[in-house]
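Peer 1: My questions all concern the structure below.
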Amino acid sequence: MNSTKHDDLVLRTASAEDTKTIADLLGAAYQHEPRMSALLPDPAHRANKLPALFSLLLSQDHVDHGTEIAVRAQRPEAVAVWDRPGNQVPLLGRRLAHLPNLLSVFRWRLPEAARAIQTFNASDSHRPDEPHWHLFALGTAPHARGRGDARALLTSGLARADAHDTPVYLEATAHASVAHFQRFGFRVIHEFPIAGGLTAYGMWRPVGG
Numbered sequence: 001m002n003s004t005k006h007d008d009l010v011l012r013t014a015s016a017e018d019t020k021t022i023a024d025l026l027g028a029a030y031q032h033e034p035r036m037s038a039l040l041p042d043p044a045h046r047a048n049k050l051p052a053l054f055s056l057l058l059s060q061d062h063v064d065h066g067t068e069i070a071v072r073a074q075r076p077e078a079v080a081v082w083d084r085p086g087n088q089v090p091l092l093g094r095r096l097a098h099l100p101n102l103l104s105v106f107r108w109r110l111p112e113a114a115r116a117i118q119t120f121n122a123s124d125s126h127r128p129d130e131p132h133w134h135l136f137a138l139g140t141a142p143h144a145r146g147r148g149d150a151r152a153l154l155t156s157g158l159a160r161a162d163a164h165d166t167p168v169y170l171e172a173t174a175h176a177s178v179a180h181f182q183r184f185g186f187r188v189i190h191e192f193p194i195a196g197g198l199t200a201y202g203m204w205r206p207v208g209g
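The sequence shown lines up with residues 1 to 209 when you count with full-length UniProt numbering.
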């Protein structure tokens with residue numbers, strides 16, 4: 001297991017054993033993220049089911065190839081989930097294979113589950129063809145916000161991409177997020193509609209920003 005220390009913060013490479021930890025952390029971190037709020041509008045239900053939804057969205061490749069966890073005092077505080085270059089995960093197939101579990105997240109309401117599949121498939125279809133690192137998710141546990149953990153993870157991932165002469169792609173669903181990532185060298189390359197009348201912004205960072 002590789003790790004890098006930033007003061008009292010340790011960034012370590014995730015493994016398969018971390019999948020539940022990652023899903024739980026992202027479930028808490030994304031409680032107010034616009035896309036997840038649109039897919040699961042009831043706050044209590046969203047709090048209960050988001051970890052399960054992230055468990056379905058995460059693949060073995062996510063945790064085996066470059067995902068990092070930020071840890072303080074042995075407590076996971078933030079995570080950056082990455083798809084490696086050339087890894088266009090066939091998420092539609094995985095979602096159909098896990099349809100019963102997906103339906104349980106959406107209270108067995110097929111239209112709502114179908115809307116979620118359409119939303120995530122729209123994201124899949126807008127990924128650029130050029131090989132790239134894909135920042136699938138970046139989240140901080142609520143108790144750890146404001147400490148710079150996510151920034152440290154993002155900086156680490158971008159340095160790795162630059163070292164391999166590879167660009168980076170991500171999606172943002174809030175104007176504040178777009179502005180934040182622009183400060184790291186990303187620019188909006190396309191926009192497309194998603195659930196709840198929202199707009200997703202595909203953002204691209206060339207090598208070196």
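All C-beta atoms in this analysis are idealised placements derived from N, C-alpha and C, irrespective of residue type, glycine included.
#1: Whose C-beta lies closer than 8 Å to the C-beta of T199 among residues of the same chain, with five residues either side of it excluded?
#2: May I ask you to report which of helix, strand or coil DSSP gives R75?
#3: Give every residue of the same chain whose Cβ lies closer than 6 Å to the Cβ of A161, excluding the five residues on either side of it in the sequence, and list them in chain order.
#4: At what residues does the beta strand (DSSP E) containing G139 begin and finish?
#5: Which two residues bound the contiguous alpha helix (DSSP H) that contains V178?
#6: Relative to the C-alpha of Y30, which candidate in N48, T13 and A16 has its C-alpha closest?
#7: CB-CB under 8 Å to G86, same chain, minus the five flanking residues each way: which ones, in chain order?
#8: Our contact map puts L138 next to A150 with C-beta atoms below 8 Å; I'd like the distance itself, whole angstroms only.
#9: Of all the options I22, T166, L50 and L25, which has the alpha carbon lying nearest to the alpha carbon of G207?
#10: Alpha carbons only, please: which of E112, T19 and A14 is nearest the one belonging to A70?
#11: Could you name the residues of the same chain whose beta carbon sits closer than 6 Å to that of K20, not counting the 5 residues immediately before and after it, in chain order?
#12: Taking Cβ to Cβ, would you say A52 is nearer than 8 Å to L153?
#13: Once you ignore the five residues that flank L26 on each side, which residues in its own chain have a CB closer than 8 Å to its CB?
Peer 2: In brief:
#1: As a position in the sequence shown, residue 199 is number 199, starting the count at 1. T173, E191, F192 and P193.
#2: Walking along the sequence shown from the start, residue 75 turns up at place 75. DSSP places R75 in strand when its eight states are reduced to three.
#3: In the sequence shown, residue 161 corresponds to position 161, counting from 1. Closer than 6 Å at Cβ, skipping near neighbours: W133 and V168.
#4: By one-based count along the sequence shown, residue 139 stands at place 139. Counting along the chain, G139 sits inside the beta strand (DSSP E) bounded by residues W133 to T140.
#5: Numbered from its first residue, the sequence shown carries residue 178 at position 178. Note, V178: alpha helix (DSSP H), H175 to Q182.
#6: Looking up residue 30 in the sequence shown gives position 30. Considering only alpha carbons, the answer is N48.
#7: The residue you call residue 86 lines up with position 86 of the sequence shown. Result list for G86: P131, in chain order.
#8: The residue given as residue 138 occupies position 138 in the sequence shown. The residue given as residue 150 occupies position 150 in the sequence shown. Contact flag correct, Cβ pair sits at about 6 Å.
#9: By 1-based counting over the sequence shown, the position of residue 207 is 207. This sequence places Val at residue 207; Gly is not what is there. Closest by alpha carbon: T166.
#10: Indexing the sequence shown from 1 puts residue 70 at position 70. Nearest of E112, T19 and A14 to A70, Cα basis: A14.
#11: Translated into the one-based positions of the sequence shown, residue 20 becomes position 20. Once the five neighbours on either side are set aside, K20 has no close Cβ partner at all.
#12: On the sequence shown, residue 52 is found 52 positions in, with the first residue counted as 1. On the sequence shown, residue 153 is found 153 positions in, with the first residue counted as 1. The beta carbons of A52 and L153 sit no closer together than 8 Å.
#13: Position 26 of the sequence shown, counting from 1, holds the residue named residue 26. The answer, listed in chain order, is L50, P51, F54, V79, V81, A137 and G139.
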